[in-house]
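Protein chains in written order, with my numbering: chain A, 1 to 139; chain B, 140 to 312.
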């Protein structure tokens, strides 16, 4: 897609905003609509846009398959790990109140933040790798 | 509704995918009208955005025309009518929409609305329900996404090996 100068310039301007918006949705989910799932999808969509305009090869050098596979499993691991840590600290599985013995609210905050991060990592990695799988096969 | 009928009538799969995207966007607007902003957000980003891209990717791998079916459409039509009639019959027992005395507003919802500010301490009740009260469900959802990713990677993700056509007979037990 070397010939579409307008597309390349516009996407170059838009892409940081899309990725920033994904992070905003991720970490602002406590206060407004949104959360890990939506943020992961938006992040994945941003990377898909990059791959469409700048080529699959460039996108795959930024997000190599091993990184995506690592991200997919890391997110689930973070989520389940938070549950197990709260179990070890004397609470219920996924009972985040146990993460902070003195202020259960703070523990809840931390737990939700970590869990949403796990969801976001898994969802974005899965979305990107599904798109790469389709596009790579269709070349 | 209009898009659904158009999807049924059309044979061009590319247009159908686009209509599905429009349908998702319209339902996202519907969810906003119903004050379910989180659901609308998900529907707009997943249904209208990423799912459309994935279906287009599938079309690029296969073909974009639907094959005309040779079977008679009456048996499937009958099944669909019976199922739809059963579902509509089921809705007759539902409590009236928006009534504050509905069972769904009496069970755990008051607890979430009144206590989650003190128990969890974050303003968005949807997030506290999703990530804390119903943490198991969200863990399951994440596992589902993970499994879907693994499935796609196993099916079409690997490096393409060009096997000679005779190797099938040798490898079969």
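Even for Gly, the Cβ is constructed at its ideal location relative to N, Cα and C.
Values in this document were obtained by computation on a predicted structure and should not be read as measured data.
Sequence-ordered contacts of the region 173 to 185 of chain B with chain A read 176, 177, 180, 181, 184 and 185 [C-beta pairs closer than 7 Å]. Membership of residue 41(A) in the alpha helix (DSSP H) is indicated by the continuous run 36 to 54.
Where residue 168(B) is concerned, the enclosing alpha helix (DSSP H) starts and stops at 152 to 172. Cβ-Cβ separation between residue 86(A) and residue 67(A): approximately 28 Å, too far for a contact (criterion under 8 Å). Residue ranges of uninterrupted alpha helix (DSSP H) with 4 or more members, entirely inside the region 218 to 279 of chain B and ordered along the chain, are 242 to 245, 248 to 258 and 264 to 267. The Cβ atoms of residue 32(A) and residue 263(B) lie closer than 8 Å to each other. The DSSP-derived three-state label of residue 137(A) is helix. Contact annotation, residue 19(A) with residue 44(A): C-beta distance approximately 11 Å; criterion of less than 8 Å not satisfied.
Between residue 116(A) and residue 270(B), the gap from beta carbon to beta carbon is short of 8 Å. Residue 204(B) is bridged by DSSP to 151(B).
Below the 8 Å Cβ cutoff, chain A contributes 75, 76, 79, 118, 119, 122 and 123 as neighbours of residue 281(B), in chain order.
One thing to note: residue 53(A) has its Cβ no nearer than 8 Å to the Cβ of residue 127(A). In the structure shown, the three-state DSSP call for residue 65(A) is helix.
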